[in-house]
Structures are given as structure tokens and as C-alpha cells.
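Structure record follows, encoded as C-alpha cells.
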Amino acid sequence: MSTVSQESVLQALRGIQDPDLGKDIVTLGFVKDMTIQGGDVAFRIELTTPACPVKEQFRSEAEALVSRVPGVSSVKVKMDAQVAASNPLLQTNAIPGVKNVIAVSSGKGGVGKSTVSVNLAVALAQSGASVGILDADVYGPNIPMMLGLRGKPEGRDGKIVPFRTPDGLVAMSMGFMVDEDKPLILRGPMIHSAIRQFLFEVAWGQLDYLIVDLPPGTGDAQLSLSQSCHLMGAILVTTPQDVSVHDVRKAVNMFKTVNVPVLGVVENMAGLYLSGKVIGTADRIELKVADTPVSIEVASDGSFESVIDIFGSGGAQKITELFDVPMLGSIPLDPAVRVGGDAGRPVTMTDPESGIAKSFRELAGEMARRVSTLNLS
Ligand SMILES: Nc1ncnc2c1ncn2[C@@H]1O[C@H](COP(=O)(O)OP(=O)(O)O)[C@@H](O)[C@H]1O
Ligand SMILES: [Mg+2]
């Protein structure tokens, strides 16, 4: 029996293109540790993020392509990832061990910035990435509430030890340092030193992504963050009701001024997610939301699923066109999101199979692929 050659397997794998990097996975050096024993082929595909949206597609394509190579009797593919760091040469203000610092920002409060930060962080961690979350909302720190974290952080070896959630997220918040009921009144220089302290005096460990929940607007915290550390990029959260072009323009321009790429826009509370199953038979469901008629298609197994626009749609799309920034995701309105946030148990954690958790996973995938593409280009 002739052995399969490594070259013939690699040749087959050249048929898989990375859609973002525009090259095949062999040329990109993603195929590693190949072993061939007779007709048994095993290798690892190392992606640039574990949250890669095409991970499963790559795996099945690799299995299919290699199993068609003459002489191959079995294929074992291990999917793996090594997250690229943003600007590794820039040593001066990098946080040791932290590969990508990503800010979550918004023009206004109450649009779901903290909700998006928390669920995005959980979704990234669930994909296998090491993730930290820093609550830098000095005016209304609510990450401790949303993650159900209580108490004061401890110190060790001159550093602050961050909290660790059941999902393995590491978290730090201004809220841990102050009394919950006392309003925080901080002036610019105090905000600056607090943010520096949280970036550099917290034992973050090795992180692929550090998500930073900022206060709304374009104030001291935004500037301090971008001046204090190397920010990989920023995400802007908006809602359909206050897609205020003015606010977004201000945010986009601010990040431009400080040379931070805007990774994209997230539209939150974008419509109402409905799903269910028809008892009996029906082809479609006709209903009214307030006075607006809505028609939903029923699948052959009786299930239905739909997102109903309540505040109108297309606002975030308009923003992406106007400012030439990508749309990273759309998160529907869902009471489970608020309930989870209030209870300290994010919906991505408690109900990972739900439609809403899927939206957050898709957002995480889009963000991660954008980060990889920018880091490798
Ligand atoms: N997609 C959503 N569906 C339902 N409720 C949401 C959603 N996003 C946010 N909320 C709720 O809206 C409120 C404001 O969200 P929050 O994340 O605190 O906003 P911000 O940090 O921008 O001030 C919270 O009560 C939160 O639970
Ligand atoms: Mg908030």
C-alpha cells in the first residue's frame, strides 16, 4: 500500500480560501502538525480567532477535500486558533499579555452598551477565546450587576486581582471600588488615573480580547483610554430609535482623530424576535403589532421565527453607508436580555441555544473576523 504524500494533501487543502484574507489556508500557513500513517491523515487548522464564523465550514470542507485524495482512508481535523495581537511592535503602551483592547462606545446612554459588552464578551469566551471585560463607565458602572459579581477585588503582588465569572471571563469595574448607592463624581484627571490604573494595575493575565465598556458620548474616558493604551478598535452601539447621525458622526470623528479604527456598528433593540410552533396546520400567521399588520411564514414542521421591526429599520445601515464603517450585527429586543442583565446572568450564558444568544454569537464572530483582518493586513 502506498502512503499518501503530504504534498497531495496540502494541494487539496489549497482549495479552501479564507474569504477575508483572500488567500488559501495553506498559503496562509493555517495547516499545521500534519501526520500521515498509511491512509490515515491528521492535521490541525489554526485560525486567527476561535470565534471565526466559517470555522465549521472550513472543517467540513477540509474533511471532504482530503478524503477525496487517492489513498486516504481517514481524515482527522483539529480546529484551533491563535489570536493575532494588534500592532505587536508597539511596545510603549501595550498592556502586557493583552492582545487586543476593544472599546464599546455609544453616542447616548441606555442604548445597550453594557448589555452588548457583556454578552459579546461571553460569546467570545464561549468560542474558546480568553476574554476580559473592563467596566470603564465611570458614571454608571453596571457590569458587576450584569455579571452578578459582588464584593471588593483583592490585591496580590502589587496588582488588583480581577473577578472571574463562571464562564471564565475576567472582569474589573469601577463599581467594585465605590459604594453602589453613592454617585460617582469624578473630574477629568481622576478619570484618567482610574482608567490607567484599571488597564495597567490589574492582573489581566493572557487575554485575546479585552472589551472596554465606556460611558456614553465622547468625553474624558474615551480620550483617556485611547491615550493610555494601544486601542485595537472601537465598536459603536446604536438603536433604531436614536440613530442620531450627529452623535455617531461625533464618535466616528473622535476615534479617527486618535487613530483608532472603528470596527463597526451594532444595532441594538432592532425589532422584536418572535418564535414558536403552530399546533395543527398553518402556512402563515397573520397578526397585528399595535395597529401594524405582520405576516409570518410557518415552516413545514410548524415552527416559525421572525424579527418584527418596531422602530423601523435601516437606520444602522444608513450609518454604515454614510461613514463607511461595517455593520457588525443586529440584536433584537428581547425581554430575556433585560431579565438576564438584572439577574446578573447574561442570556448568552443561561440560554446559549436561544435566538438572541445566536445574534450575540454572530456579532462576536463578525467582530473577531474584523479584528483578525485588520491585524493581519
Ligand atoms: N436587546 C435588548 N432587549 C431587551 N432589553 C435590552 C436590550 N438591550 C438592552 N436592554 C435593556 O436596556 C437597558 C439599558 O441597557 P444598558 O446595557 O444598561 O445600556 P447602556 O449601557 O448603553 O446605558 C437595560 O435594562 C437592558 O437590560
Ligand atoms: Mg452601561
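All residue numbers for the sequence shown refer to our numbering, where the first residue is 4 and numbers rise by one.
Just so it is clear, CB atoms sit at the ideal spot from N, CA and C, and this is done for glycine as well.
Phenylalanine 179 versus leucine 31: straight-line alpha-carbon distance, rounded: The straight-line gap from Cα to Cα measures roughly 43 Å.
Buried or exposed by the 16-neighbour rule on C-beta atoms within 10 Å, applied to glutamate 157: A residue is called buried when at least 16 other Cβ atoms come within 10 angstroms of its Cβ; glutamate 157 does not meet this threshold and is exposed.
Ligand 1 heavy atom lying under 6 Å from the CB of serine 117: Serine 117: yes, Cβ under 6 Å from ligand 1.
Beta strand (DSSP E) runs wholly inside the stretch 13 to 40, at least 3 long, in chain order: Fully enclosed beta strand (DSSP E) runs of no fewer than 3 residues occupy 34 to 40 of the stretch 13 to 40, in order along the chain.
Cβ-heavy atom distance, glycine 112 to ligand 1, below 6 Å: Yes; taking the cut-off as 6 Å, the Cβ of glycine 112 has a heavy atom of ligand 1 nearer than that.
7 Å Cβ cutoff met for isoleucine 194 and valine 251: No, these two residues do not count as a Cβ contact at 7 Å.
Length of the line joining the Cα atoms of tyrosine 142 and valine 29: Between tyrosine 142 and valine 29, the C-alpha separation is close to 49 Å.
Candidates Val292, Pro53, His249, of which the one nearest valine 326 by Cα: Note on residue identity: the sequence assigns phenylalanine, not valine, to residue 326. Among Val292, Pro53, His249, the Cα nearest to that of phenylalanine 326 belongs to His249.
Serine 8 in three-state terms, based on DSSP: Serine 8 falls in the coil class under three-state DSSP.
Pair within 7 Å by beta-carbon distance, glycine 267 and leucine 331: Cβ atoms of glycine 267 and leucine 331: closer than 7 Å.
Cβ pair isoleucine 114, threonine 242 closer than 7 Å: The amino acid occupying residue 114 in the given sequence is valine; isoleucine does not appear at that position. Taking 7 Å as the cut-off, the beta carbon of valine 114 is found closer than this to the beta carbon of threonine 242.
Rounded C-alpha distance that separates glycine 403 from threonine 221: Any answer about residue 403 is impossible in this case: the structure gives the chain only from 4 up to 380.
Cα-Cα separation, isoleucine 39 to aspartate 23: Answer to the nearest angstrom: the Cα atoms are 30 Å apart.
Residue from Gly274, Val125, Glu308, Gly347 with nearest C-alpha to phenylalanine 314: It is Gly274.
Counterpart residues of methionine 330 in DSSP-defined beta bridges: Val268.
Residue range of the unbroken beta strand (DSSP E) whose run includes methionine 175: Taken as a continuous stretch (DSSP letters only), the beta strand (DSSP E) holding methionine 175 covers 173 to 176.
Any non-hydrogen atom of ligand 2 within 6 Å of aspartate 140 CB: Set against 6 Å, the gap from the CB of aspartate 140 to the closest heavy atom of ligand 2 is smaller.
Span separating the alpha-carbon of alanine 106 from that of isoleucine 334: Alanine 106 and isoleucine 334 have their alpha carbons spaced roughly 18 Å apart.
Ligand 1 heavy atom lying under 6 Å from the CB of methionine 272: Taking 6 Å as the cut-off, one finds at least one heavy atom of ligand 1 near enough to the beta carbon of methionine 272.
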